Structure formats: C-alpha cells, structure tokens
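Asks: The structure that follows is given in the form of structure tokens.
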Amino acid sequence: GAVVSQHPSRVICKSGTSVKIECRSLDFQATTMFWYRQFPKQSLMLMATSNEGSKATYEQGVEKDKFLINHASLTLSTLTVTSAHPEDSSFYICSARAVTGGLSNTGELFFGEGSRLTVL
Amino acid sequence: QKEVEQDPGPLSVPEGAIVSLNCTYSNSAFQYFMWYRQYSRKGPELLMYTYSSGNKEDGRFTAQVDKSSKYISLFIRDSQPSDSATYLCACRAGTYKYIFGTGTRLKVLA
C-alpha cells in the first residue's frame, strides 16, 4: 500500500505557542489530504479537507483561524495549531487520496501514523 | 442518528476464535465500504475495501456487505493476539468524504 508519513509523532508544547504538523505522501501524489482529530476511545473526527493549491474546506465547528491548513504541493500538507491551549491536546491524523492510477481507482485513503499533541 | 453505527465493544475472544465485527449505516448512497485496523496510538491501516454488495476475502479476513439491509461485516478467522486492536468501518458515497464508525475494540486472549 501507499505510504503517508506524519511528523512529529509526538509533541509537547506550552500554552499559547503554535505547533506545525506535517503530512507527506511518500510514493504517490495526493491532490486531496484530510485532517482528523481523535479523542481517546473515540472515532476519527474529520476536521478539514486540504486541497492542493486552494483553500482548505473546514467541517462545521472547526475554527479555521485556529487550525491553519496549507497544501503547498502534491505531496505535502501541514496543519498548524495556533495559540494552542490544553483543550487542543489530542491525537491528530492525516490521510491522503491518490491522484490517478492504480491507487486511486478504488478511492482508498491511506493514513499517517498520527501526531499526539500535548499542550501544557 | 449517526450515519454509521458501530458497537464500541470491547469484544474479548479466545485465540483461534472466529471474530465477527459489524456496522450498520443509514445512507443508501454509500457505495464503498472499508475496514481499517488501528493499533493503540497509531494511524488506521486499511484492511479491506469493498464496492457495493458482496463478499471479499483476503487471507483470514472476509468483508461482507449487504446493501439491502445496510449492514457490513468483517470476519476474522483463527484470531491471534496480534489481531487485538480497534477496528473501524468506513463508508463512502460518490464523493471522497468518508464516514467512520466509532470503532470496535477487539481483544484476542492467548
């Protein structure tokens, strides 16, 4: 299967600082990437859809000024949690969908390993 | 009502048992059905992908979709302790938006 790399896997920061999380598709191009948030023992909550070269589409209730998403290339999307607070502590996961070719024929999503954010 | 319903478990079974995991959905537009496995503190890993109704088998795993009853299943044969994880079902219509179930925690006891 395709590989999606997410970095950092774990980050601890002070309240009020900003944290950037990177999501890279390593062996395929992804016009669309997705950012999820997952609370303990709960399912994935879609935060936003990141489209290469255009603005992200945010789900209802997600603050776009709080969670900045940039999809500058076909292999990289970033999520920046601005002015982080303890309630932003969570597990953030990205996923990517391939552009064309064999991987995208089935519309499969490939997930990163996740980034655990702890805000003190 | 959630679009995709899944029993959160936990489900505990002895090693070697056949495991049955299930989801129900409400949106008849869903055409694509997936099962993901997620180990603790890791990202989900795609296990099975099914289009429309029918069965699909891959090794010890069998995915089953019954669109008439809006019911999807994942069967694991000869379960192993290494199968212990959370299993997420996901559904998709024609767009790329996936709707996930809450996940079922499975424990396979040695």
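For the protein sequence lines, the chains are V and G, in the order given. Residue numbering for the first sequence follows this note's numbering, starting at 6 and increasing by one per position. Residue numbering for the second sequence follows this note's numbering, starting at 7 and increasing by one per position. By construction, the Cβ of each residue, glycine as well, lies at the ideal position given by its N, Cα and C atoms. Quantities reported herein were computed from a predicted structural model and do not represent experimental measurements.
1. Between proline 50 (chain G) and chain V, is there a C-beta pair that is closer than 8 Å?
2. Could you name the residues of the segment 32–45 of chain V whose beta carbon sits closer than 7 Å to any beta carbon of chain G, in the order they occur along the chain?
3. Quick one: what does DSSP say aspartate 64 (chain G) is sitting in, helix, strand or coil?
4. Start and end of the beta strand (DSSP E) containing histidine 76 (chain V)?
5. Is glycine 106 (chain V) helix, strand or coil when you go by DSSP?
6. What are the residues of the segment 25–50 of chain G that lie near chain V, defined by any Cβ-Cβ distance shorter than 9 Å?
7. From valine 16 (chain V) to aspartate 89 (chain G), what does the alpha carbon distance come to, in whole angstroms?
8. Suppose contacts are defined by Cβ-Cβ distances below 8 Å. Is glutamine 44 (chain G) in contact with alanine 96 (chain G) by that definition?
9. In or out: glutamine 70 (chain G) buried (at least 16 other Cβ within 10 Å) or exposed?
10. On a Cα-Cα basis, can you pick out the residue from G:Leu52, G:Leu80, G:Lys76 and G:Lys48 that is closest to lysine 62 (chain G)?
11. Is it right to say phenylalanine 44 (chain V) is buried, meaning 16 or more other beta carbons lie within 10 angstroms of its own, or is it exposed?
12. Can you confirm whether the segment 22–38 of chain V touches the segment 76–84 of chain V when touching is taken to mean that 3 or more C-beta pairs between the two stretches lie within less than 8 Å?
13. Determine the contact status of isoleucine 78 (chain G) and phenylalanine 39 (chain G), defining contact as a CB-CB distance below 8 Å.
14. If you scan the segment 30–75 of chain G from start to end, which runs of the beta strand (DSSP E) of 3 or more residues do you find wholly inside it?
15. Can you give me the Cβ contacts of serine 59 (chain G) inside the same chain, cut-off strictly under 8 Å, excluding the 5 residues immediately before and after it?
16. By DSSP's criteria, arginine 42 (chain V) is part of a beta bridge. Which residues make up the other side?
17. Beta-carbon separation of valine 67 (chain V) and proline 91 (chain V) under 8 Å?
18. How about glycine 60 (chain G): is its C-beta nearer than 8 Å to some C-beta of chain V?
19. Rank V:Tyr97, V:Leu79, V:Arg121 and V:His12 by C-alpha distance to the C-alpha of threonine 37 (chain V) and give the top, closest one.
Replies: Reading off the structure:
1. It does; some Cβ of chain V falls within 8 Å.
2. Of all residues in the segment 32–45 of chain V, only Thr37 come within less than 7 Å of chain G when Cβ atoms are compared, listed by chain position.
3. Reduced to three states, the DSSP call for aspartate 64 (chain G) is strand.
4. Segment 72–78, the beta strand (DSSP E) holding histidine 76 (chain V).
5. Its pLDDT being 49, under 50, glycine 106 (chain V) is placed unreliably in this model, and the value from its coordinates should be taken loosely. Reduced to three states, the DSSP call for glycine 106 (chain V) is coil.
6. Of all residues in the segment 25–50 of chain G, only Tyr38, Met40, Tyr42, Gln44, Arg47, Lys48, Gly49 and Pro50 place a beta-carbon less than 9 Å from a beta-carbon of chain V.
7. Distance between the alpha carbons of valine 16 (chain V) and aspartate 89 (chain G): 28 Å.
8. Judged by their CB atoms, glutamine 44 (chain G) and alanine 96 (chain G) are not nearer to each other than the 8 Å cut-off.
9. Within 10 angstroms of the beta-carbon of glutamine 70 (chain G) lie 16 or more other beta-carbons, which makes it buried.
10. Among G:Leu52, G:Leu80, G:Lys76 and G:Lys48, the Cα nearest to that of lysine 62 (chain G) belongs to G:Leu80.
11. When all chains shown are included, phenylalanine 44 (chain V) counts as exposed.
12. The answer is yes - the segment 22–38 of chain V touches the segment 76–84 of chain V, with three or more Cβ pairs under 8 Å.
13. Yes, the pair counts as a contact, with Cβ atoms nearer than the cut-off.
14. Listed in chain order, they are 38–44, 51–57, 60–64 and 67–72.
15. Scanning its chain for C-beta atoms nearer than 8 Å, with the 5 sequence neighbours on each side dropped, one finds around serine 59 (chain G) the residues Val71, Asp72, Lys73 and Ser74, in chain order.
16. Partner(s): V:Met50 and V:Tyr97.
17. In this structure, proline 91 (chain V) does not lie closer than 8 Å to valine 67 (chain V) by Cβ.
18. So, not an interface residue.
19. Checked all of V:Tyr97, V:Leu79, V:Arg121 and V:His12; the closest Cα to threonine 37 (chain V) is V:Leu79.
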